[in-house]
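Engineer: In order, the protein sequence lines correspond to chains A and B.
In terms of the working numbering, the first sequence opens at residue 1 and continues consecutively.
In terms of the working numbering, the second sequence opens at residue 1001 and continues consecutively.
Structure in structure tokens, see below.
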Amino acid sequence: MSETTDLLRDMAERLFGQACDKNLLGAAEKGVWPAALWAQMAEAGLTNALVPESAGGSGLGVCDALVAVRAAARHAAPVPFAETLLASWLVAGAGLAVPAGPLTIAHASGAQAPMLTQRANGWRLTGRARRVPYARSACAIAVLMEVDGKAFVALVDPKLYAIEPGHNLAMEPRDDVIFDCDLGVRDVAPAASGADARTLRAFGAAMRSAQIAGALSRVLDITLQYTQERVQFGKPISKFQAIQHNLAMLAAHSAAANAAADMAAEAAERDMNELVIAAGKTRCGDAASAGAAIAHQAHGAIGFTHEHILHFFTKRLWSWRDEFGKESDWALVIGRAAASAGRAKIWSDIVTA
Amino acid sequence: MTQLNFAPPPPNTESTETLRAKVRAFLDIEMAGMSAHERAASWGGRNPEFSRKMGAQGWIGMTWPKQYGGHERSALERYVVLEEMLAAGAPVGAHWVADRQSAPSILRFGTEAQRQFFVPKVAKGECYFCIGMSEPDSGSDLAATRTRAQAVDGGFKVNGTKIWTSGAHVAHYMILFCRTDSNTEDRHSGVSQFIVDMKTPGIAVRPIYDLSGQHHFNEVVFDDMFLPESALLGKLGDGWKQVTSELSYERSGPDRFLSTFTLLLEGFQMLGRTVDDRSAIVLGRIIAHLMTLRRMSRSIAGMLQRGEDPAVQAAVVKELGTSLEQDMVEALRLIVDVEPDGGSDNPYVAVLAHTILHAPSFSLRGGTREILRGIIARGLGLR
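Shown next, in the form of structure tokens:
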């Protein structure tokens, strides 16, 4: 880890730690957009981290950008940070101007998937994108679609789509977006080489892996603190061996999630190796499930209340493990690839990953 | 707040990958014709001839100084050799303990004469060690050791019993952990380590057969065994500090998550190139966990290289790694429709039988699951 990475982590940790208090997180669950937090992130150069300096961005590497994403998740920052990075990567890669402000991404999947058709003097976009993160707050949506087998990015203004609100378990917006609009020639461009739906999904999985690692490390902190303060039978419950063993496993899963998220981030920066990112997201998902369960058990009833902050993190863990591919989706990809590679290649594939 | 840090591991380099290719070429030749059952034994499989060949290749004592027969390679290069051996199911058991922890302890705490005498022989793959730690009344509670070395004229007289000593019947030497002073308040002081020649009069080695009927471990009884002063390893009374410093080496390596890798490979072979979704998910999940553990374990190799003390991280790797090994057996059992049978001609069926019968030991040897969780809890500041 370089010195600039450490500085970035400290800066992000401070920024999100100060902004994301219980009031802000509670208000966000009720639908309040944290405008001041977003302004601070933009001011600090975080929101355009993946936009090249030549295009007016911060031009960070993927690993560094994910360090900031992890810090945001450590404080459950209720903003589309990861989504804005993904969108700006798509948009800048396609040579389109990246708008200032929160962005999000949609891609073609499911019934009535968004479809782009070329017209005489532009494009027509129709269809429904499902569970688009923070669509209601975005200043534009980057939609990735195929036209004649080639990937295109459309940058769509909020005036041009309708929203059916939805949310994940953590009350983060996951809206359905209905497109039925005309787009100009300058709103659509071929995606950068390699930026297809599959790569977007993998990059998204690397983002969610970093977020899981960040939120789980916070869950560990919160749980260590609580069990050292809570007294039962005349001593802090952290002194009981049964509790200590559970906390040891929580810490082990948190450490594994950190390692798996690092592994996925490095792969995303290097070559978007799908199998490595798949392994990272699978391991992070497993850590999220096991870790959240231990944390709640250690907290007892207080951790089950809305009053306590634990749920802001565990509800995100329960949501993020399913987004951009759950454990079984990615394990399937890995398992099939290994089987078809055959016994003689399984180990060498693990090593080169 | 306390977090367990696993720094990014040192990257693979051209030299590690050249080495990897060389190891694979060696294994292709040396492992030809080895049965799946033999490969399943992993680092429990002993073959002195194989160990000598590895020594001749310069693959034992890789990081040690050249003046003691070592090769001054990096920790990561050593890691490459270890993981390739384990992934192939190579019979590395004869020299494993000596390479992993005994000779490193001698290099670290031994006298110049001890270094010169023992370490080059270990590096040649000719000299094997066992670990004299557990006793009938002192298992996880290592500090309760009752075997006693009493100072006598010119040396020590040792009485007591060690148990569960793997390979004591074939090892040339033992590093013995025992009490040298009974009058201490602190249980962790007054203990020392000795290098014991297994041919010393006064030692009786008796086999203890494991539940599969195999002879791996032993009871070792010392009856007025005389040890010269030159057998003392390190400082008198420093045994606790010395022995705990071995444990990061003992617990963090790929031997803690790759010892069932042969089962995984045979499972893939059995299921074929096109697997159903349920099986693919089970197998893919195992690989995802293996890849993460490998990263964590290599991260520790980097920390050891930098002279850090990753004892808590090592406990994490061993606990997660041995749990994965045990879970892997159960997961595979449920997706392949066969019954385990050690006598089967089918490699998977035979390896499954071997692995089921050995799996309980994974979370016992080298520190039980409960001890490891305690160490992690202490690392978190809870004790």
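All residues carry an ideal CB built from backbone N, CA and C; glycine is no exception.
Being a predicted model, the structure only gives us computed values, none of them experimental.
Going by DSSP, what residues sit across from G122/A in a beta bridge?
Structural biologist: As a working note, residue 122/A is residue 122 in the first sequence. Bridge partners of G122/A: R119/A.
Engineer: CB-CB under 6 Å to E53/A, same chain, minus the five flanking residues each way: which ones, in chain order?
Structural biologist: As a first step, residue 53/A is located in the first sequence; it is residue number 53 there, counting from the start. These residues qualify, in order along the chain: G59.
Engineer: Exposed or buried, which one is V69/A when buried takes at least 16 other CB atoms within 10 Å?
Structural biologist: Counting from 1 along the first sequence, the entry for residue 69/A is found at position 69. Result: buried.
Engineer: When the cut-off is 7 Å and only beta carbons count, does G1033/B lie next to chain A?
Structural biologist: On the second sequence, residue 1033/B is found 33 positions in, with the first residue counted as 1. Chain A, which has no Cβ nearer than 7 Å to the Cβ of G1033/B, makes this no.
Engineer: On the CB-based measure, 16 or more other CB atoms within 10 Å of its CB, does L15/A come out buried or exposed?
Structural biologist: In the first sequence, counting from the first residue as 1, residue 15/A sits at position 15. Label assigned to L15/A: buried.
Engineer: Helix, strand or coil for G280/A, going by three-state DSSP, please let me know.
Structural biologist: By one-based count along the first sequence, residue 280/A stands at place 280. It is helical.
Engineer: At the 7 Å Cβ level, is G17/A part of the contact set with chain B, yes or no?
Structural biologist: Translated into positions along the first sequence, residue 17/A becomes position 17. For G17/A, the answer is no, since every Cβ of chain B falls outside 7 Å of its Cβ.
Engineer: What does E1319/B reach in chain A if we use C-beta pairs closer than 9 Å?
Structural biologist: Numbered from its first residue, the second sequence carries residue 1319/B at position 319. Neighbours of E1319/B on chain A, chain order: A248, M249 and A252.
Engineer: Span of the alpha helix (DSSP H) holding I355/A?
Structural biologist: Lying before the first or after the last residue shown, residue 355/A is absent from chain A, which here runs from 1 to 353.
Engineer: P1136/B and I1175/B: beta carbons closer than 7 Å?
Structural biologist: Within the second sequence, residue 1136/B is the residue found at index 136, counting from 1. Within the second sequence, residue 1175/B is the residue found at index 175, counting from 1. Their beta carbons are not under 7 Å apart, which means P1136/B does not touch I1175/B by this criterion.
Engineer: Are G1055/B and G1110/B close, meaning C-beta to C-beta below 7 Å?
Structural biologist: Taking the first residue of the second sequence as 1, we reach residue 1055/B at position 55. Taking the first residue of the second sequence as 1, we reach residue 1110/B at position 110. No. Outside cutoff.
Engineer: If we call anything under 7 Å between Cβ atoms a contact, is T223/A one with A301/A?
Structural biologist: Position 223 of the first sequence, counted from the start, is the residue given in the question as residue 223/A. Position 301 of the first sequence, counted from the start, is the residue given in the question as residue 301/A. No, these two residues do not count as a Cβ contact at 7 Å.
Engineer: Measure the C-alpha to C-alpha separation of R119/A and F179/A and round it to an integer number of angstroms.
Structural biologist: What you label residue 119/A is simply residue 119 of the first sequence in a count that begins at 1. What you label residue 179/A is simply residue 179 of the first sequence in a count that begins at 1. Cα-Cα distance, rounded: 16 Å.
Engineer: What residues in its chain sit with their C-beta under 7 Å from that of W38/A, if we drop five residues either side in the sequence?
Structural biologist: In the first sequence, the residue the question calls residue 38/A occupies position 38. Closer than 7 Å at the Cβ level, and outside the excluded window around W38/A, lie V79 and P102.
Engineer: Can you list, in chain order, the stretches of the alpha helix (DSSP H) that have 4 or more residues and sit fully within the region 251–328 of chain A?
Structural biologist: Counting whole runs of 4 or more residues, the region 251–328 of chain A contains the alpha helix (DSSP H) stretches 274–299 and 310–320.
Engineer: To the nearest angstrom, report how far apart L8/A and T47/A are at their CA atoms.
Structural biologist: Position 8 of the first sequence, counted from the first residue, corresponds to residue 8/A. Position 47 of the first sequence, counted from the first residue, corresponds to residue 47/A. Distance between the alpha carbons of L8/A and T47/A is about 13 Å.
Engineer: How many angstroms separate the CA atom of L1283/B from the CA atom of Q112/A?
Structural biologist: Walking along the second sequence from the start, residue 1283/B turns up at place 283. Walking along the first sequence from the start, residue 112/A turns up at place 112. Rounded to whole angstroms, L1283/B to Q112/A spans 34 Å at the Cα level.
Engineer: Tell me the rounded alpha-carbon separation between P1104/B and K30/A.
Structural biologist: Residue 1104/B sits at position 104 when you count from the first residue of the second sequence. Residue 30/A sits at position 30 when you count from the first residue of the first sequence. Cα to Cα, the separation comes out at about 60 Å.
Engineer: How many whole angstroms separate the CB atoms of A1075/B and A1301/B, which I take to be in contact at a CB cut-off of 8 Å?
Structural biologist: Counting from 1 along the second sequence, the entry for residue 1075/B is found at position 75. Counting from 1 along the second sequence, the entry for residue 1301/B is found at position 301. With a Cβ gap of about 4 Å, A1075/B and A1301/B count as contacting.
Engineer: Measuring CA to CA, which of R186/A, P158/A and V185/A is closest to D176/A?
Structural biologist: Against the first sequence, residue 176/A aligns to sequence position 176. Among R186/A, P158/A and V185/A, the Cα nearest to that of D176/A belongs to P158/A.
Engineer: Roughly how many angstroms separate the alpha carbons of D329/A and N1346/B, rounded to a whole number?
Structural biologist: To locate residue 329/A, count along the first sequence from 1; it is residue 329. To locate residue 1346/B, count along the second sequence from 1; it is residue 346. Rounded to whole angstroms, D329/A to N1346/B spans 31 Å at the Cα level.
Engineer: Along the region 1122–1140 of chain B, where does the CB come closer than 9 Å to a CB of chain A? Name the residues.
Structural biologist: For the region 1122–1140 of chain B, which is checked against every Cβ of chain A, not one residue is closer than 9 Å.
Engineer: Apart from the five residues just before and just after N246/A, which ones in its own chain have a Cβ nearer than 8 Å to its Cβ?
Structural biologist: Here residue 246/A corresponds to residue number 246 of the first sequence, with the count starting at 1. Correct list, in chain order: I294, Q297 and A298.
Engineer: How would you call D1186/B, buried or exposed, if buried means at least 16 neighbouring beta carbons within 10 angstroms?
Structural biologist: Reading the second sequence from its first residue, position 186 is the one you call residue 1186/B. By the neighbour-count rule (16 or more Cβ atoms within 10 Å), D1186/B is not buried but exposed.
Engineer: Counting C-beta neighbours from all protein chains within 10 Å, is the total for F233/A 16 or more, i.e. buried, or is it exposed?
Structural biologist: Residue mapping note: residue 233/A aligns to position 233 of the first sequence, counting from 1. It is exposed - the Cβ of F233/A has fewer than 16 other Cβ atoms within 10 Å.
Engineer: Inspect the CB distances between the region 1197–1217 of chain B and the region 1270–1285 of chain B and report whether three or more fall short of 8 Å.
Structural biologist: The region 1197–1217 of chain B, when compared against the region 1270–1285 of chain B, does not touch it at the 8 Å Cβ threshold.
Engineer: Please confirm whether R316/A and A170/A have their CB atoms less than 7 Å apart.
Structural biologist: Indexing the first sequence from 1 puts residue 316/A at position 316. Indexing the first sequence from 1 puts residue 170/A at position 170. The answer is yes: Cβ separation under 7 Å.
Engineer: Taking S1361/B as the reference, give the member of R1052/B, I1335/B, A1350/B and S1259/B with the closest Cα.
Structural biologist: Your numbering for residue 1361/B matches position 361 in the second sequence. When only C-alpha atoms are compared, the closest one is S1259/B.
Engineer: Look at the alpha carbon of R1039/B and the alpha carbon of N1047/B, and state the distance between them as a whole number of angstroms.
Structural biologist: By one-based count along the second sequence, residue 1039/B stands at place 39. By one-based count along the second sequence, residue 1047/B stands at place 47. Straight-line Cα distance between these residues: approximately 12 Å.
Engineer: How long is the line joining the alpha carbons of Y1079/B and V147/A, rounded to whole angstroms?
Structural biologist: Locating residue 1079/B in the second sequence gives position 79, where the first residue counts as 1. Locating residue 147/A in the first sequence gives position 147, where the first residue counts as 1. About 48 Å.
Engineer: Does DSSP put C63/A in a helix, a strand or coil?
Structural biologist: Counting from one through the first sequence, the residue named residue 63/A turns up at place 63. Helix at C63/A.
Engineer: So, using beta-carbon positions, are E307/A and C63/A closer together than 7 Å?
Structural biologist: Residue 307/A sits at position 307 when you count from the first residue of the first sequence. Residue 63/A sits at position 63 when you count from the first residue of the first sequence. Contact flag unset, no.
Engineer: In whole angstroms, give me the CA-to-CA distance for F203/A and S88/A.
Structural biologist: Along the first sequence, one-based indexing puts residue 203/A at 203. Along the first sequence, one-based indexing puts residue 88/A at 88. Approximately 12 Å between the Cα atoms of the pair.
Engineer: Could you run through the region 1289–1311 of chain B and flag, in chain order, every residue whose CB is less than 9 Å away from some CB of chain A?
Structural biologist: Answer in chain order: H1289, L1290, M1291, T1292, L1293, R1294, R1295, M1296 and S1299.
Engineer: Just how far apart, CA to CA, sit I292/A and F1156/B?
Structural biologist: Sequence index remark: in the first sequence, residue 292/A carries index 292 (1-based). Sequence index remark: in the second sequence, residue 1156/B carries index 156 (1-based). It is Ala, not Ile, that sits at residue 292/A in the sequence shown. One C-alpha to the other measures close to 54 Å.
Engineer: Should the region 214–229 of chain A be regarded as contacting the region 186–204 of chain A, the criterion being three or more beta carbon pairs within less than 8 Å?
Structural biologist: Too few Cβ pairs lie closer than 8 Å, so no.
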